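Taking it in order: structure first as structure tokens, then the write-up.
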Amino acid sequence: MNRREFTSSRKLDHLRICLDEHIESGSTGFDDIRLVHEALPDCDMDRLSLETRFLGHNLGSPLFISAMTGGHPETKDVNAVLGEIAGEFDLGIGVGSQRAAIENPELADTFSIVREKAPDTFIVGNLGIVQLRDHGIEWAERAVEMIDADALAIHLNFLQEAIQPEGDHDAGGCYAALRELCRDLKVPVIVKETGSGISYETGIRCFGAGAACVDIGGYGGSSWALIESHRSGSVAGKEDLHLKGLGERFGEWGLPTVVSLYETTRCGGPVIASGGIRSGIDITKALVMGAHLAGMALPLLKPACEGPDVLRETIRTIHQELRISMFLTGKTRISELPQARWYLTGKTREMIENLPGGDRIGH
Numbered sequence: 002m003n004r005r006e007f008t009s010s011r012k013l014d015h016l017r018i019c020l021d022e023h024i025e026s027g028s029t030g031f032d033d034i035r036l037v038h039e040a041l042p043d044c045d046m047d048r049l050s051l052e053t054r055f056l057g058h059n060l061g062s063p064l065f066i067s068a069m070t071g072g073h074p075e076t077k078d079v080n081a082v083l084g085e086i087a088g089e090f091d092l093g094i095g096v097g098s099q100r101a102a103i104e105n106p107e108l109a110d111t112f113s114i115v116r117e118k119a120p121d122t123f124i125v126g127n128l129g130i131v132q133l134r135d136h137g138i139e140w141a142e143r144a145v146e147m148i149d150a151d152a153l154a155i156h157l158n159f160l161q162e163a164i165q166p167e168g169d170h171d172a173g174g175c176y177a178a179l180r181e182l183c184r185d186l187k188v189p190v191i192v193k194e195t196g197s198g199i200s201y202e203t204g205i206r207c208f209g210a211g212a213a214c215v216d217i218g219g220y221g222g223s224s225w226a227l228i229e230s231h232r233s234g235s236v237a238g239k240e241d242l243h244l245k246g247l248g249e250r251f252g253e254w255g256l257p258t259v260v261s262l263y264e265t266t267r268c269g270g271p272v273i274a275s276g277g278i279r280s281g282i283d284i285t286k287a288l289v290m291g292a293h294l295a296g297m298a299l300p301l302l303k304p305a306c307e308g309p310d311v312l313r314e315t316i317r318t319i320h321q322e323l324r325i326s327m328f329l330t331g332k333t334r335i336s337e338l339p340q341a342r343w344y345l346t347g348k349t350r351e352m353i354e355n356l357p358g359g360d361r362i363g364h
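Residue numbering for the sequence shown follows the numbering used here, starting at 2 and increasing by one per position.
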């Protein structure tokens, strides 16, 4: 199997593991957030607006369909459903890593189907920071062109790389490559973590490099350490117990999503909250904390595999949860949610209080 075939095969491995195995890590911290109930809201719940604006684009709601898949022929149908529903609800959507299709252009339609199904919606391309460093802006431009992307996410996945059988362990030069890309690319750059969260210090560096946004990808949702732990059993046709054990031990590594969100919303730029967001209530809590959008992947993947009708109903349920949560905080627009009162309890509060400058919690 050559390199481009191996990359494509790995994408299918990841998709199957996400569908068939338990890959979620521990607590995001959202259970420790309490929104202050407004017992006498002065608004009509059925007339609340979920519309929002992000990076110059009008969106139907702050729900962002996070990067999931692409890069193998069997993933095209899933992306077609995701694109169809994103277009129907006017939701922002990100595609999975486009490396496989850059290496093998025959796979480009597994990604471009999203733009075909959603010609007018906000679509985010996806490329790993190691590939950016190694191949430069040419690969970034090809990723954007492939799907006519409105922005490009550069994903950070060094935990996954560290325990992946074929992972890249050299992070040298990546920050310089990011800085050059932000300077030269014609669309906004989003820096995206993939399950371990972004700290305040890293957020400052990303915005300092010129990133338009950070997508925190915090701990508490899908764990790439656990995914690679499952995958290690099939690499080279035999179980690699060493890598499997590493994946299991690092399955609890990272900043919980709420802690990462607290950190990055102090950095001065737009933030997408992602990592274990599982309901419209979680979305509300993330927006109250200062996120601009909230990304979901795994909760939408299985419905997407069942078809557009199932995914459509899932989105409607999430939106209804968001609408009810807004109503019960007395807010009529998404832009008003940061004014809602909230407080933090439990272990998440303890973690934040022990961070530098972590004395302001809730309001």
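From the three backbone atoms N, C-alpha and C, an ideal C-beta is built for every residue, glycine too.
The model shown is predicted, which means the values in this text are computed figures rather than measured ones.
| Item | Value |
| --- | --- |
| Which residues in the same chain have their Cβ closer than 6 Å to the Cβ of Glu351, if we skip the five residues on either side of it in sequence? | none |
| Let me confirm a value: His38 is counted as buried when at least 16 other C-beta atoms fall within 10 Å, else exposed. Which label applies? | exposed |
| Going by DSSP, name the residue or residues bridged to Gly296. | Phe65 and Ser275 |
| Pull up the distance between the alpha-carbon of Ile199 and that of Phe208, whole angstroms please. | 12 Å |
| Under 8 Å between the Cβ atoms of Gly222 and Thr29? | yes |
| Quick check for students: name the residue ranges of the beta strand (DSSP E) that lie wholly in the stretch 147 to 191, counting only runs of 3 or more. | 152 to 157 |
| Can you have a look at Arg116 and say buried or exposed, based on whether 16 or more other CB atoms are within 10 angstroms of its CB? | buried |
| Tell me whether Asn355 is buried or exposed, calling it buried when 16 or more other Cβ atoms sit within 10 Å of its Cβ. | exposed |
| Among Leu20, Asp45 and Ser62, which has the Cα closest to the Cα of Ala292? | Ser62 |
| Would you check if the distance between the CB atom of Glu253 and the CB atom of Gly72 is smaller than 8 Å? | no |
| Does the stretch 96 to 108 come into contact with the stretch 319 to 338, if we say contact requires no fewer than three beta-carbon pairs (one atom in each stretch) closer than 8 Å? | no |
| Taking Glu89 as the reference, give the member of Ala68, Gly173, Val96 and Asp310 with the closest Cα. | Asp310 |
| So what's Pro44 in DSSP terms, helix, strand or just coil? | The residue asked about is misnamed: residue 44 is Cys in this sequence, not Pro. Reduced to three states, the DSSP call for Cys44 is coil. |
| Relative to the C-alpha of Met169, which residue among Asn158, Glu146 and Leu51 is closest? | Note on residue identity: the sequence assigns Asp, not Met, to residue 169. Comparing Cα-Cα distances from Asp169 to each of Asn158, Glu146 and Leu51, the minimum goes to Asn158. |
| Kindly confirm or deny that the stretch 80 to 96 and the stretch 294 to 308 touch, where touching means at least three C-beta pairs closer than 8 Å. | yes |
| Please name the residue in Asp149, Trp140 and Leu128 whose C-alpha comes closest to that of Asp121. | Asp149 |
| Checking the sheet assignment: what are the DSSP bridge partners for Gly129? | His156 |
| For Arg342, report the span of its alpha helix (DSSP H) as first-last. | Counting along the chain, Arg342 falls outside any alpha helix (DSSP H), and DSSP gives it neither H nor E. |
| Helix, strand or coil for Pro357, going by three-state DSSP, please let me know. | coil |
| For the beta strand (DSSP E) containing Asn105, list its first residue and its last residue. | Taken as a continuous stretch (DSSP letters only), Asn105 belongs to no beta strand (DSSP E), as it is neither H nor E. |
| With a cut-off of 8 Å on the beta carbons, I'd call Ile191 and Cys175 a contact; round off their distance for me. | Not a contact, Cβ separation roughly 15 Å. |
| Which one of Leu179, Ser197 and Glu75 has the shortest CA to CA distance from Pro189? | Leu179 |
| With burial defined as no fewer than 16 other Cβ atoms inside 10 Å of the residue's Cβ, what is the status of Asp21: buried or exposed? | exposed |
| For the alpha helix (DSSP H) containing Ile24, name the first residue and the last one. | First-last for Ile24: undefined, no H or E at that position. |
| In the DSSP assignment, find the beta strand (DSSP E) that holds Asp216 and state where it starts and stops. | Cys214 to Asp216 |
| Given 7 Å as the limit, tell me if Ile148 has its C-beta closer than that to any heavy atom belonging to the ligand FAD. | With respect to the ligand FAD, the structure offers nothing, as it holds no ligand at all. |
| Check the C-beta distance from Phe328 over to Leu49 and give it rounded, since I have them as a contact under 8 Å. | 6 Å |
| On a CA-only basis, which of Met147, Thr346 and Glu139 is nearest Gln99? Give me that one, please. | Met147 |
| Give me the Cα-Cα distance between Pro357 and Thr203, rounded to the nearest whole angstrom. | 14 Å |
| On the CB-based measure, 16 or more other CB atoms within 10 Å of its CB, does His231 come out buried or exposed? | buried |
| Ile199 by DSSP, collapsed to three states: which one? | coil |
| So what does DSSP say about Thr53, is it helix, strand or coil? | strand |
| Just to confirm, are Asp151 and Ile130 a CB contact at a threshold of 8 Å? | no |
| Any idea if Val165 is buried or exposed, counting beta-carbon neighbours within 10 angstroms, 16 or more meaning buried? | One detail in the question is off: residue 165 reads as Gln in this sequence, not Val. Label assigned to Gln165: buried. |
| Run through DSSP, which three-state label would Arg267 get? | coil |
| DSSP puts Glu39 in a beta bridge; with which residues? | For Glu39, which the question treats as bridged, DSSP gives no partner whatsoever. |
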